[in-house]
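J.: Sharing a structure here in structure tokens format.
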Ligand code: GAL
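Numbering (this note's numbering), first residue to last: 9 to 415.
Laid out in structure tokens, this is it:
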């Protein structure tokens, strides 16, 4: 090589090296541009999750068409953790013989894999968590090929908050925020080396208006409430608590009203449909939590309704607002990219059945004149006029997409 070419080669190599961290930072910043979609082990399997179950879930996500519908993350929740070795490195327990091999398997299906820990000494289920080992754990996750971390507050409350700042709520909250900042930084440093970003999911039940500070520290989603349960009342309570949070969600950072219970417990078909539609309106992460190998066809049809998923994944990323209620019927709307609008009319009453119609007031939604749209559950084109009567059975929903609303 001539002297000049050598200098040029050296300069190009140097520029590439300098650009690497920037590229990785960009990758980190571009995860979760739409709400994460996938499946999580907790809601149905809880502590019964194991390597075999995660592989089966990955297989099912592909074979049921869920992957084609947009479900990507296969998330292991609590109870995978084993002991730490003498140097503090976390190991898996006997349910997960080889986490790297499991991650490779999930990746081989074109999917991504998530894991779970917390800032305290113990997770909620009493397994080792990350306190004092944040950098080591982040490195382990990055080394295994993990793509997503759910970080659950739990024992950090008694371990650190109540111990270090007894009776001082404000100081306790500062400690909590610092703990999330610490793991976020550890993840960024660890993924700098691998170039594989890790989505950060905060699970601290919405304390201290998490939506106000989580995006700045690199949180991609944050739970806004306590745990969901497969009962209508739980779903309704959680959905109601999302009103007022719309401005905090957007590409890369989402309010998380908790994982889906679609197909779990004794939820009726209408309740499953409403739960799924409501989460889509809320631009919520869509993390199914059901028994995938034994999924009923009607549950699969709900979870893979591409029109409803398109509302959730709308690139504009604007969460729905509760526009008005009339008795026990609620009306929510969500703006869509390209000037469209999604309208959800929900009968939240347990006793109001469809013996008499609800009359939709389009003017309250800022719409004037006849509107043409698509009913996303029947798949049919619909025309809507001000004052139209809508028959809705208890806990059921009308979900309509209007691409060219007349304002
Ligand atoms: C809870 C969390 C649940 C689940 C559980 C595991 O705190 O909200 O979603 O992760 O811990 O122990």
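Where a beta carbon is used, it is the ideal one built from N, C-alpha and C, also for glycine.
Computed from a predicted model, the values in this text were never measured in an experiment.
Return the CA-CA distance between residue 24 and residue 203, expressed in angstroms with no decimal places.
T.: Because the pLDDT at residue 24 is just 40, under 50, the model does not fix this residue reliably, and the value given afterwards should be weighed accordingly. C-alpha separation (whole angstroms): 14 Å.
J.: What do you reckon, is the C-beta of residue 222 under 7 Å from a heavy atom of the ligand GAL?
T.: Every heavy atom of the ligand GAL is 7 Å or more from the Cβ of residue 222, so no.
J.: Alpha carbon to alpha carbon, how far is residue 250 from residue 379? Give it in angstroms, no decimals.
T.: Going from the Cα of residue 379 to the Cα of residue 250 covers about 27 Å.
J.: Which residues in the same chain as residue 142 place their Cβ atom closer than 6 Å to its Cβ, once the five residues preceding and following it in sequence are excluded?
T.: Closer than 6 Å at Cβ, skipping near neighbours: 190, 191, 194.
J.: Which same chain residues, not among the five before or five after residue 34, have their C-beta less than 7 Å away from its C-beta?
T.: Caution applies to residue 34, whose pLDDT of 45 falls short of 50 and renders its modelled position unreliable; the value that the coordinates give is listed next. Nothing listed; no residue qualifies.
J.: Please classify residue 30 as buried or exposed, where buried requires at least 16 other C-beta atoms within 10 Å of its C-beta.
T.: Per-residue confidence for residue 30 stands at a pLDDT of 40, beneath the threshold of 50, marking its modelled position as unreliable; no derived number is given.
J.: With a Cβ-Cβ cutoff of 8 Å, do residue 48 and residue 303 count as a contact?
T.: No, Cβ-Cβ distance for residue 48 and residue 303 is not below 8 Å.
J.: Using a 10 Å radius around the Cβ and a threshold of 16 neighbouring Cβ atoms, would you call residue 147 buried or exposed?
T.: Result: buried.
J.: Tell me which same chain residues have a C-beta within less than 6 Å of the C-beta of residue 152, skipping the five on either side of it?
T.: Only 107, 108, 111 meet the Cβ criterion.
J.: Closer than 7 Å to a non-hydrogen atom of the ligand GAL - does that hold for the CB of residue 47?
T.: No, the ligand GAL has no heavy atom inside 7 Å of this Cβ.
J.: Which residue from 226, 414, 248, 121 puts its Cα closest to that of residue 373?
T.: If we check each option's Cα against that of residue 373, 414 comes out closest.
J.: Kindly examine the ligand GAL and report whether one of its heavy atoms sits closer than 7 Å to the Cβ of residue 124.
T.: Yes, the ligand GAL has a heavy atom inside 7 Å of this Cβ.
J.: Classify residue 26: buried if its beta carbon has 16 or more other beta carbons within 10 angstroms, exposed otherwise.
T.: Here the model assigns residue 26 a pLDDT of 45, short of 50, so the residue's position is not dependable and the matter cannot be decided.
J.: Would you check if the segment 294-301 and the segment 328-335 touch, i.e. whether three or more CB-CB distances between them fall below 8 Å?
T.: No contact exists between the segment 328-335 and the segment 294-301.
J.: Alpha carbon to alpha carbon, how far is residue 272 from residue 310?
T.: Answer to the nearest angstrom: the Cα atoms are 13 Å apart.
J.: Can you tell me whether residue 85 sits near the ligand GAL, meaning its C-beta is under 7 Å from at least one heavy atom of the ligand?
T.: Residue 85: yes, Cβ under 7 Å from the ligand GAL.
J.: Give the DSSP-derived three-state secondary structure of residue 3 in the structure shown.
T.: Since the first residue shown for the chain is 9 and the last is 415, residue 3 is missing from the structure and cannot be characterised.
J.: Measure the alpha-carbon distance for residue 410 versus residue 382 and round it to whole angstroms.
T.: Their Cα atoms are separated by approximately 7 Å.
J.: For residue 352 versus residue 286, is the C-beta distance shorter than 8 Å?
T.: Cβ distance < 8 Å, so residue 352 and residue 286 count as in contact.
J.: Examine the ligand GAL and report whether any of its heavy atoms sits within less than 7 Å of the Cβ of residue 179.
T.: Residue 179 Cβ: outside cutoff for every heavy atom of the ligand GAL.
J.: Could you check whether residue 120 and residue 79 sit closer than 8 Å to each other, using their CB atoms as the reference points?
T.: No, Cβ-Cβ distance for residue 79 and residue 120 is not below 8 Å.
J.: Helix or strand or just coil, what does DSSP make of residue 97?
T.: Correct three-state label for residue 97: coil.
J.: Please tell me whether, using a cut-off of 7 Å, the distance from the CB of residue 230 to the nearest non-hydrogen atom of the ligand GAL is below it.
T.: No - the ligand GAL has no heavy atom lying nearer than 7 Å to the Cβ of residue 230.
J.: Is residue 233 near the ligand GAL, going by C-beta to nearest heavy atom under 7 Å?
T.: No, Cβ of residue 233 sits at least 7 Å from all heavy atoms of the ligand GAL.
J.: Among all the DSSP beta bridges, which residues are the ones paired with residue 410?
T.: DSSP, once it has assigned bridges, lists 349 as partnering residue 410.
J.: Report the rounded CA-to-CA distance for residue 101 versus residue 127, giving the unit in angstroms.
T.: So the two alpha carbons sit approximately 19 Å from each other.
J.: Quick check: does the Cβ of residue 215 come within less than 7 Å of any heavy atom belonging to the ligand GAL?
T.: It does not: the Cβ of residue 215 is nowhere closer than 7 Å to a heavy atom of the ligand GAL.
J.: Helix, strand or coil, according to DSSP, for residue 250 in the structure here?
T.: Residue state, collapsed to three classes: coil.
J.: So for residue 174, helix, strand or coil by DSSP?
T.: Coil at residue 174, not helix or strand.
J.: Could you tell me if residue 364 is buried or exposed, where buried requires 16 or more neighbouring beta carbons within 10 angstroms of its beta carbon?
T.: Exposed: under 16 other Cβ atoms inside 10 Å.
J.: Identify every residue that forms a DSSP beta bridge with residue 382.
T.: Bridge partners of residue 382: 389, 409.
J.: Under 8 Å Cβ to Cβ from residue 317, same chain only, skipping five residues before and after it: list those, please.
T.: Here the set comprises 45, 77, 78, 288, 294.
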